[in-house]
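Inspection log for the structure reproduced underneath, given as structure tokens.
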Amino acid sequence: MKTPPLSPGQWYGTLTALLLLSIIAALRIGAVELTFADINHILLNGLGLSDTTVDPISQGLFLQIRLPRVLLCATVGAGLSVSGVLMQALFRNPIVEPGLVGTSSGAALGAALVFVLGKNINWAFTDALGLFLLPCVAFIFAFVATLLVYRIASVSGKVNVATMILAGIAINALATGGTGFLSYIARDPQARSITFWNLGTFSGADWTQLAIVFPVTSVGILLSLRFTKALNILILGEDEVRHLGYNIDRLKIQVLLLNTLLVAIGTAMVGVISFVGLVVPHLMRLLKTSDNRFLVISSALLGGSLLTLADTIARRLVAPAEFPIGVITAFVGAPVFIWLLVRNARSFQKGGFYA
Amino acid sequence: MLKAEHLSFQIGRQTLIDDVSLTLLPGKFTMVLGPNGAGKSTLLKLLTGTEIPKTGQIFYDETLLFSIPLAIQARQKAVLSQLLSLPFDLSVTEVVMMGRYPYFDLNPREQDKMIADHCLELVGMLPFKARAFASLSGGEKQKVHLARVLAQLYRQPGDESVKYLFLDEPISALDIHYQHQILGMVRDLAAKNMVVFVIVHDINLALQYADNVILMDRGRLYDMGIPDKVLTEQSIEAVFRIRPYFATHPETGRRVMIC
Numbered sequence: 545m546k547t548p549p550l551s552p553g554q555w556y557g558t559l560t561a562l563l564l565l566s567i568i569a570a571l572r573i574g575a576v577e578l579t580f581a582d583i584n585h586i587l588l589n590g591l592g593l594s595d596t597t598v599d600p601i602s603q604g605l606f607l608q609i610r611l612p613r614v615l616l617c618a619t620v621g622a623g624l625s626v627s628g629v630l631m632q633a634l635f636r637n638p639i640v641e642p643g644l645v646g647t648s649s650g651a652a653l654g655a656a657l658v659f660v661l662g663k664n665i666n667w668a669f670t671d672a673l674g675l676f677l678l679p680c681v682a683f684i685f686a687f688v689a690t691l692l693v694y695r696i697a698s699v700s701g702k703v704n705v706a707t708m709i710l711a712g713i714a715i716n717a718l719a720t721g722g723t724g725f726l727s728y729i730a731r732d733p734q735a736r737s738i739t740f741w742n743l744g745t746f747s748g749a750d751w752t753q754l755a756i757v758f759p760v761t762s763v764g765i766l767l768s769l770r771f772t773k774a775l776n777i778l779i780l781g782e783d784e785v786r787h788l789g790y791n792i793d794r795l796k797i798q799v800l801l802l803n804t805l806l807v808a809i810g811t812a813m814v815g816v817i818s819f820v821g822l823v824v825p826h827l828m829r830l831l832k833t834s835d836n837r838f839l840v841i842s843s844a845l846l847g848g849s850l851l852t853l854a855d856t857i858a859r860r861l862v863a864p865a866e867f868p869i870g871v872i873t874a875f876v877g878a879p880v881f882i883w884l885l886v887r888n889a890r891s892f893q894k895g896g897f898y899a
Numbered sequence: 023m024l025k026a027e028h029l030s031f032q033i034g035r036q037t038l039i040d041d042v043s044l045t046l047l048p049g050k051f052t053m054v055l056g057p058n059g060a061g062k063s064t065l066l067k068l069l070t071g072t073e074i075p076k077t078g079q080i081f082y083d084e085t086l087l088f089s090i091p092l093a094i095q096a097r098q099k100a101v102l103s104q105l106l107s108l109p110f111d112l113s114v115t116e117v118v119m120m121g122r123y124p125y126f127d128l129n130p131r132e133q134d135k136m137i138a139d140h141c142l143e144l145v146g147m148l149p150f151k152a153r154a155f156a157s158l159s160g161g162e163k164q165k166v167h168l169a170r171v172l173a174q175l176y177r178q179p180g181d182e183s184v185k186y187l188f189l190d191e192p193i194s195a196l197d198i199h200y201q202h203q204i205l206g207m208v209r210d211l212a213a214k215n216m217v218v219f220v221i222v223h224d225i226n227l228a229l230q231y232a233d234n235v236i237l238m239d240r241g242r243l244y245d246m247g248i249p250d251k252v253l254t255e256q257s258i259e260a261v262f263r264i265r266p267y268f269a270t271h272p273e274t275g276r277r278v279m280i281c
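Line order of the protein sequences matches chains A and B. Just add 544 to the spot in the first sequence (first one is 1) and you have the working numbering. Just add 22 to the spot in the second sequence (first one is 1) and you have the working numbering.
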């Protein structure tokens, strides 16, 4: 490891290239293999630039299913990873991930509620919300869960991280119990979709989902950049944040809200995907630095690539059936994570948590 | 000018600061002494707005401290706290650059990089600039944090405004060479229109460097004034419960304390 270190700019370049390569690979590979020539023709046709005849089934598959799915995957991966960066910085602890403070399980409970009871409640607003019903309910539940954890942790006036983690465990258990209950009372097809969805799946991806998730995630990531300086100072301590000009209590609430936004929108659409938010920021931290400005951008790029690749594997491995992507991320993410931990515990090069 | 009126502070039933009033003038190097648990760090936290006093008020240049927006405060005053442990590793440059955060938006300007380098140079840590912070020794870490605080108050040419510098035991981990170098530097800073409030434990350093000494005892301000008046045999014996002897430095003629 004695090669000259890459500058942040070079990292962004490399990671962008990786993201593009993953997207291209993911577009080709699947239950039906497409050639580059096919993809090229379909894209040009779609843009109205040519009218080469392509197999209409391939064209439909590509435009209606594969393209939105791959793009959704990259977006959700980026969102979850950035959320991981935010939470690790806020908790001053590298083992934290978005699921820890109840955000994921809260969103999951909200979504399960819509799945199971959605068709039976016919309030005026359910129609008006239409497509947005699912993400809205998920967001509300995710936020309530996160807020509960935050409130319990800050009973003594200041936010206590240890209490927050324990409260997170309790709220997670409560939400998971609720989801379990809903899948128990649900009639069969719904129950199956909850189970599948608890492990995460992109099989339902379409342009509408992308149209909701993409703008929200992009805005969320851009907003996150605004908090990176304050989160860097938080590495030194809460008092230092104040000494360098930020209101620590407001910062905490803002970051929690942003985290909820990023996680809930993704979770509402594709289910609970573990480990991405934990491993991706961690990897970038080990490879380069803990400067949150770098972590937000690089983790968004790397998270997008990794989740896209994981989904490609999930689609290809048992084609034409498919694996839940959460299984893949856990099977790949956990060993990588353990390897990183052990390697760093040995080398003593890094301080803090690893030393 | 910093003015505090009738400050008191409690945690639970414990009174940590009891009716302290004081005025700190720019241009004067103030050192704070007192036994462990006398309330030195708590007083520093109250004066910097880190903790809210139970009673009393603090004014920076006639303005109530709590009415000054935090972002403005960050350009006026810098605080070096004790015992900072970092859960994530950063490079030395990244830590020092935090001192410039109040001055740039997302990425440091050339100017900020030069100031950061210059401040590292001042504390003798420039050769360590690319090192991982966690790999430094305790004293080296302390010097890097000091450089960060100096970078935060670095004056642009033409900036004559009053700055406020608070250091909580800045030299506790340093060898004597750097203890004297840093205190000499801080004294020069104080002379440039700065309110300087430094907590130390070494009475001889206070006798040598301070313009103004605050002696704290059990949450109260025991005495305040020029070092030779405040640090007498009687007061030291009363506050530290040890009998001191004073000798004269053979070259400078300064008073030196021997225990």
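C-beta: ideal position from N, C-alpha, C; glycine also.
For Gln554 (chain A), the uninterrupted alpha helix (DSSP H) run begins and ends at 552 to 572, by DSSP.
When only Cα atoms are considered, Ile872 (chain A) and Glu866 (chain A) end up about 11 Å apart. Interface residue (Cβ-Cβ distance to chain A less than 7 Å): Asp181 (chain B) is not classified as such. Here the alpha carbon of Ile777 (chain A) sits roughly 24 Å from the alpha carbon of Ser762 (chain A). In this structure, DSSP gives Asp750 (chain A) a state outside helix and strand, which the three-state scheme calls coil.
For Val101 (chain B), the chain A residues whose Cβ falls inside 7 Å of its Cβ are His787, in order along the chain. For Ala138 (chain B), the enclosing alpha helix (DSSP H) covers residues 132 to 144.
Contacts with chain B (Cβ-Cβ distance below 7 Å) from the region 760 to 777 of chain A involve Leu769, Lys773, Asn776, Ile777, listed in chain order. Around Phe31 (chain B), the same chain offers Leu38, Ile39, Thr64, Leu68, Glu73, Pro75, Lys76 as residues with beta carbons nearer than 7 Å, after the five sequence neighbours per side are excluded. Counting along the chain, the unbroken beta strand (DSSP E) around Ser30 (chain B) starts and ends at 24 to 33. In this structure, Gly574 (chain A) sits near Arg859 (chain A), with a CB-CB distance shorter than 7 Å. Taking the Cα of Ser649 (chain A) as reference, the smallest distance to any Cα among A:Leu634, A:Ile809, A:Arg794 is reached at A:Ile809. Comparing C-alpha distances from Asn803 (chain A) to each of A:Arg610, A:Ile857, A:Glu784, A:Leu769 shows the shortest one belongs to A:Leu769. The three-state secondary structure of Asn215 (chain B), taken from DSSP, is coil.
Taking 7 Å as the upper bound on Cβ-Cβ separation, chain B lies near residues Arg636, Asn637, Pro638 of the region 631 to 645 of chain A. In this chain, the alpha helix (DSSP H) harbouring Thr115 (chain B) covers 114 to 119. With a 10 Å radius around the Cβ and a threshold of 16 neighbouring Cβ atoms, Glu577 (chain A) comes out exposed. For Asp599 (chain A), no CB of chain B lies under 7 Å from its own CB, so it is not counted at the interface with that chain. Three or more Cβ pairs closer than 8 Å define a contact, and the region 742 to 749 of chain A falls short of that threshold against the region 78 to 86 of chain B. When C-beta atoms of the region 638 to 655 of chain A are compared with those of the region 673 to 690 of chain A, three or more pairs fall below 8 Å, so the two segments count as touching. Using a Cβ-Cβ distance cut-off of 8 Å, the region 839 to 848 of chain A and the region 713 to 726 of chain A are not in contact, since fewer than three pairs of beta carbons, one from each stretch, lie closer than that value. Here Val235 (chain B) is buried, its C-beta having at least 16 other C-beta atoms within 10 Å. With respect to the C-alpha of Ile33 (chain B), the residue from B:Thr270, B:Gly241, B:Asp250, B:Met207 having the closest C-alpha is B:Gly241.
For Asn234 (chain B), the uninterrupted beta strand (DSSP E) segment begins and ends at 234 to 239. Residue state for Arg122 (chain B) is assigned as helix, using DSSP reduced to three classes. Note: Val220 (chain B) is bridge-paired with B:Met53, B:Leu189 in the DSSP secondary-structure output. With respect to the C-alpha of Ile639 (chain A), the residue from A:Leu831, A:Leu827, A:Val658, A:Pro733 having the closest C-alpha is A:Leu827.
For the pair Ile715 (chain A) and Asp783 (chain A), the Cα-to-Cα distance works out to about 29 Å. When Cβ pairs closer than 8 Å are counted between the two stretches, the region 874 to 882 of chain A is seen not to touch the region 580 to 588 of chain A, the count staying below three.
The beta carbon of Met53 (chain B) sits closer than 6 Å to the beta carbons of Val220, Val222, Ala228, Ala232, Val235 from its chain, once the five residues preceding and following it are set aside; these are given in chain order. Residue nearest to Gly59 (chain B) within the set B:Phe262, B:Gln230, B:Leu175 is B:Phe262 (criterion: CA-CA distance).
In the three-state scheme derived from DSSP, where H, G and I count as helix and E and B as strand, Tyr267 (chain B) is classed as strand. Cα atoms of Ser103 (chain B) and Ser627 (chain A): separation of roughly 30 Å, rounded to the nearest angstrom. Taken in chain order, the whole alpha helix (DSSP H) runs of length 4 or more contained in the region 588 to 624 of chain A are 600 to 604. Using a Cβ-Cβ cut-off of 8 Å, Asn791 (chain A) is close to Leu92 of chain B, given in chain order. Note on geometry: alpha-carbon atoms of Glu182 (chain B) and Asp250 (chain B) lie some 31 Å from one another.
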